[in-house]
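Residue 1323 is where the sequence shown starts when you use our numbering, and the numbers rise one by one after that.
Backbone N, C-alpha and C define an ideal beta-carbon position, used for all residues, glycine too.
Here is the structure we will look at, set down as structure tokens.
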Amino acid sequence: MEERRETWGEDNPIYRARVLGEFPDQAEDTLIGLSDVEEAAKRWTAAQDQEAESAETEIAAEEVVLAVDVARFGSDRSVILRRQGSRVLEIRTFRHMDTMQLAGWVAAAIRETSPERVCVDEIGVGAGVVDRLKEQGFPVKGINVARRASQETIFANVRAEGYWRLKELFASGQIAIPNDHQLMGELAALRYSYDSQGRVQMESKDAMRQRGLPSPDKADALMLAFLESANKTRLWT
1323 MEERRETWGE DNPIYRARVL GEFPDQAEDT LIGLSDVEEA AKRWTAAQDQ EAESAETEIA
1383 AEEVVLAVDV ARFGSDRSVI LRRQGSRVLE IRTFRHMDTM QLAGWVAAAI RETSPERVCV
1443 DEIGVGAGVV DRLKEQGFPV KGINVARRAS QETIFANVRA EGYWRLKELF ASGQIAIPND
1503 HQLMGELAAL RYSYDSQGRV QMESKDAMRQ RGLPSPDKAD ALMLAFLESA NKTRLWT
């Protein structure tokens, strides 16, 4: 129980439901409901079963994307996440790794998986990872989620816009995630609000820490992976 409390945080909906046996009502400021997160995990399991029966050409035709969230503080994790189409295939986490080491792992992942796109969080130390990969000739796109959103009258920044896109994918059943307790806990704990201009803004990581929650590193990588996804993604049922 203590390990799960440290993983999720006492205020996390998954911790309250799975460990304490409570079933809290979804708060109005919850971004992605617990039921939507759990349904996405069920779709991932179903996708594993369906894959053996699907045409290999159909699966191979789906876009492969790598997303990298770079740790900023000692307790945070750097994350490399790979998706193909609407399904997350792999999540790797790293702690206490400098930018050159992380760039090496990303380079290896690019060579191994040949993704169509590579999206890297370039805020702060992430810029060093982006620069190193570009020096090596990799087609990497640095993303600063603090910048102005494309729909700037609706969203406070790119982070809010990206997470709202993620919310829509979960609500419409167009995303499949592994039964990763950390990722699921981070997603279910996300909150949003509105700024003075009526634009959507995400709860800050400092505010999440004050609630006893860890940095949503895996969730951030997932958001980056789907930030520029096509309007139509494969629906797993």
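Helix or strand or just coil, what does DSSP make of residue 1492? Along the sequence shown, read from residue 1 onward, the residue named residue 1492 stands at position 170. In the structure shown, residue 1492 sits in a helix (DSSP, three-state: H, G or I).
Assign residue 1397 to buried or exposed, taking buried as 16 or more other Cβ atoms, counted over all protein chains shown, within 10 Å of its Cβ. Against the sequence shown, residue 1397 aligns to sequence position 75. Residue 1397 is exposed by the Cβ-count criterion.
Relative to the C-alpha of residue 1480, which candidate in 1350, 1549 and 1402 has its C-alpha closest? Walking along the sequence shown from the start, residue 1480 turns up at place 158. Of the candidates 1350, 1549 and 1402, the one whose C-alpha sits nearest the C-alpha of residue 1480 is 1549.
Between 1515, 1501 and 1517, which lies nearest to residue 1368 when the distance is taken from Cα to Cα? Residue mapping note: residue 1368 aligns to position 46 of the sequence shown, counting from 1. Checking every option, the nearest Cα to that of residue 1368 belongs to 1501.
Helix, strand or coil for residue 1349? Go by DSSP, reduced to three states. Locating residue 1349 in the sequence shown gives position 27, where the first residue counts as 1. Look at residue 1349 here: in three-state DSSP terms it is coil, with no helix or strand label.
Taking Cβ to Cβ, would you say residue 1464 is nearer than 8 angstroms to residue 1447? By one-based count along the sequence shown, residue 1464 stands at place 142. By one-based count along the sequence shown, residue 1447 stands at place 125. Residue 1464 places its beta carbon 8 angstroms or farther from that of residue 1447.
Ignore the nearest five residues each way along the sequence and tell me which others in residue 1389's own chain have a CB closer than 6 angstroms to its CB. Taking the sequence shown and counting its residues from 1, one reaches residue 1389 at position 67. Here the set comprises 1403, 1441, 1543, 1546 and 1547.
Is it true that the CB of residue 1391 sits closer than 8 angstroms to the CB of residue 1514? As a position in the sequence shown, residue 1514 is number 192, starting the count at 1. As a position in the sequence shown, residue 1391 is number 69, starting the count at 1. Residue 1391 sits away from residue 1514, with the two beta carbons spaced by 8 angstroms or more.
For residue 1384, name the three-state secondary structure that DSSP assigns. Within the sequence shown, residue 1384 is the residue found at index 62, counting from 1. Reduced to three states, the DSSP call for residue 1384 is coil.
On the three-pair Cβ rule with 8 angstroms, is the stretch 1489-1508 touching the stretch 1452-1461? Touching, no.
Which residue marks the beginning of the alpha helix (DSSP H) containing residue 1434, and which one marks its end? Your numbering for residue 1434 matches position 112 in the sequence shown. Per DSSP, the unbroken alpha helix (DSSP H) holding residue 1434 starts and ends at 1421-1435.
Is the beta carbon of residue 1406 sitting closer than 8 angstroms to the one on residue 1428? Counting from one through the sequence shown, the residue named residue 1406 turns up at place 84. Counting from one through the sequence shown, the residue named residue 1428 turns up at place 106. Contact: no.
Spatially closest choice to residue 1508 from 1417, 1457 and 1537, by CA coordinates: Taking the first residue of the sequence shown as position 1, residue 1508 is located at position 186. For residue 1508, the nearest C-alpha among the options comes from 1537.
In this structure, does DSSP put residue 1544 in helix, strand or coil? Numbered from 1 along the sequence shown, position 222 holds the residue referred to as residue 1544. Of the three classes helix, strand and coil, the one that applies to residue 1544 here is helix, per DSSP.
Let me check one thing: in DSSP terms, what residues is residue 1499 bridge-paired to? The sequence position of residue 1499 within the sequence shown is 177, counting from 1. Beta-bridge analysis with DSSP links residue 1499 to no other residue.
Could you check the C-alpha separation between residue 1510 and residue 1400 for me, to the nearest Å? As a working note, residue 1510 is residue 188 in the sequence shown. As a working note, residue 1400 is residue 78 in the sequence shown. C-alpha separation (whole angstroms): 20 angstroms.
What residue from 1525, 1384 and 1540 has the CA that sits closest to residue 1533's CA? Along the sequence shown, read from residue 1 onward, the residue named residue 1533 stands at position 211. Ranking 1525, 1384 and 1540 by CA distance to the CA of residue 1533 puts 1525 first.
DSSP on residue 1467, reduced to helix/strand/coil? By 1-based counting over the sequence shown, the position of residue 1467 is 145. Three-state DSSP puts residue 1467 in coil, outside helix and strand.
Rounded to whole angstroms, what is the Cα-Cα separation between residue 1431 and residue 1425? Taking the sequence shown and counting its residues from 1, one reaches residue 1431 at position 109. Taking the sequence shown and counting its residues from 1, one reaches residue 1425 at position 103. Answer to the nearest angstrom: the Cα atoms are 10 angstroms apart.
When you compare only the Cα positions, how much space is there between residue 1522 and residue 1415? As a position in the sequence shown, residue 1522 is number 200, starting the count at 1. As a position in the sequence shown, residue 1415 is number 93, starting the count at 1. Whole-angstrom Cα-Cα distance: 29 angstroms.
What does DSSP give as the partner residues of residue 1403 in its beta bridges? As a working mapping, residue 1403 is identified with position 81 in the sequence shown. Note: residue 1403 sits in a beta bridge opposite 1389 and 1413.
Residue 1359 and residue 1506 - do their beta-carbons sit closer together than 8 angstroms? To locate residue 1506, count along the sequence shown from 1; it is residue 184. To locate residue 1359, count along the sequence shown from 1; it is residue 37. Taking 8 angstroms as the Cβ cut-off, residue 1506 and residue 1359 qualify as a contacting pair.
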